[in-house]
Amino acid sequence: MLTELQKRRFDRLFDLLDADRNGVIDLADYHRLADVSGGDLTHRPGSPDGEPLRVSFTRFWEQAINPLDSGGQGTITREQFTAALGQMVARPEGFDTALGPAVDAVFDLIDLDGDGQVVRDEYVRALTLFGLTPAAAEQTFARLDDGDGLLGRAEFWALARDFYLSDDPDSVGNLLFGPL
1 MLTELQKRRF
11 DRLFDLLDAD
21 RNGVIDLADY
31 HRLADVSGGD
41 LTHRPGSPDG
51 EPLRVSFTRF
61 WEQAINPLDS
71 GGQGTITREQ
81 FTAALGQMVA
91 RPEGFDTALG
101 PAVDAVFDLI
111 DLDGDGQVVR
121 DEYVRALTLF
131 GLTPAAAEQT
141 FARLDDGDGL
151 LGRAEFWALA
161 RDFYLSDDPD
171 SVGNLLFGPL
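Residues in the sequence shown are numbered consecutively from 1, following UniProt numbering.
Written as structure tokens, this is what we have:
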């Protein structure tokens, strides 16, 4: 069963993924986000650089979210989305198998120069695409950063793991996608 903190985090994520803000998410929302992110962060929508994110979002949709579409309408409500994430994180292998590829793809997309490290400017640029103000994104990065001015892949994974799995209200991982 999900804690209230997990529900708040998953609500935050739902709001980020509902690209057209119509109260439901569908595969088109995932693709829209991948294309916009790929275009703004890398080169142009649909470029090869954005493809890993599109593939990961599609896999996440197919494996975890779409099966909850009991009405067969191709849309997922907030409640269905939260239930899907809850089922994933309840299984020991759920995070690594279902969410791991998406975590890697998001990291790679944010890491514009491909050096294996996300610096403040890269993080701020990415989070503003998802609706945070630049000031909020900068403040969030400052909280996530351990003082060295960057987020390495292992550090990003640890933050993502905390975002999805931790029950600690003081965990900095709660802020991975911005303030709750």
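Where is the CB? At the ideal position from N, CA and C, for every residue including glycine. It should be emphasised that the depicted structure is a prediction, and the values quoted were computed from it without experimental measurement.
Between the C-alpha atoms of Arg32 and Gln6 there is a straight-line separation of about 25 Å. Inclusion of Val118 and Asp111 in the CB contact set at 8 Å is warranted, their separation being smaller than that value. Contact between Arg120 and Asp11 fails: their C-beta atoms lie close to 26 Å from each other, not under 8 Å.
Secondary structure of Gly86 (DSSP, three-state): helix. Beta-bridge analysis with DSSP links Gln117 to Gly152. Excluding sequence positions up to five before and after Ile76, its CB lies within less than 8 Å of the CB of Val24, Ile25, Asp26, Ile65, Asn66, Leu68, Asp69, Ala84, all in the same chain and listed in chain order.
Gly72: not part of any alpha helix (DSSP H); DSSP gives it neither H nor E.
Taking the Cα positions, Glu62 is about 33 Å away from Arg143.
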